[in-house]
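Beneath this line is the structure, given in structure tokens, with notes to follow.
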Amino acid sequence: MDLIHTLYTRRSIRKYKMTPVPKEVITKLLEAATLAPSASNSQPWSFVVLQDTQLLKTYSDRAKELCLASIKDKPDPHNYRKILADPDFNIFYNAGTLIIIYGHEGATTFEDCSLAAQNLMLAAHAEGLGTCWIGFSIALLDNQDFKKELGIPQDSTAVAPIIVGYPELVPSSYTRNPPRILLWK
């Protein structure tokens, strides 16, 4: 698959087949992620790979509780309260793999880890896999108790939680707004 085609056809996938993603494919995606540029070649990323659907369901429930607590009294224009309160809603969409990119202290850690995440998602799409960045999980993944439970260093920051799997349903194409050019001299 050529790069331009990959860019135009990648979609966030929210329905997955039960087929597990083999370790060698995950390793290939992680290697692609590490090819991303980073400020001063700092490479401030590390990875956690979780491939246990029952464990991910448990983490989904814990993450939903934290999210609901954090938006308790705030405006809810996207109706997240209702979505997160649904006991059947799994924030990981029943995907069999979650790859979390953790960043380490630096001036551009978030940007560098986001570039690694983009590489990972594009490589996954080129391999016939689907991905989706799961923002609802950050509160849990960055929680001190959660990091202690999994042995993740406390100074690590969860930046990019990405589910990976074989798509059962691929959304149809959608349109994007044209580039908004503020200046071109």
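The sequence shown begins at 3 in the working numbering and counts up one residue at a time.
Just so you know, even glycine gets a beta-carbon here, dropped at the ideal spot from N, CA and C.
Assigned with DSSP and collapsed to three states, Leu100 falls in strand.
Distance from Ala119 to Ile165 at the Cβ level is roughly 12 Å; contact not present, criterion being Cβ atoms closer than 8 Å. Check the Cα spacing between Ile103 and each of Leu31, Glu151, Tyr95 and Tyr168: the tightest is with Leu31. Taking a 10 Å sphere around the C-beta of Thr55, we find 16 or more other C-beta atoms and assign the residue as buried. At a cut-off of 3 residues, the continuous stretches assigned as beta strand (DSSP E) that sit fully inside the stretch 114–183 are 132–135 and 159–167. Put simply, the stretch 65–76 does not touch the stretch 96–113. Fewer than three CB pairs are less than 8 Å apart. DSSP places Leu52 in the uninterrupted beta strand (DSSP E) bounded by Trp47 to Leu52.
Assigned with DSSP and collapsed to three states, Tyr82 falls in helix. Per DSSP, Ala109 lies in no alpha helix (DSSP H) and is assigned neither H nor E.
In this structure, Thr133 lies away from Ala141, with their beta-carbon atoms at least 8 Å apart.
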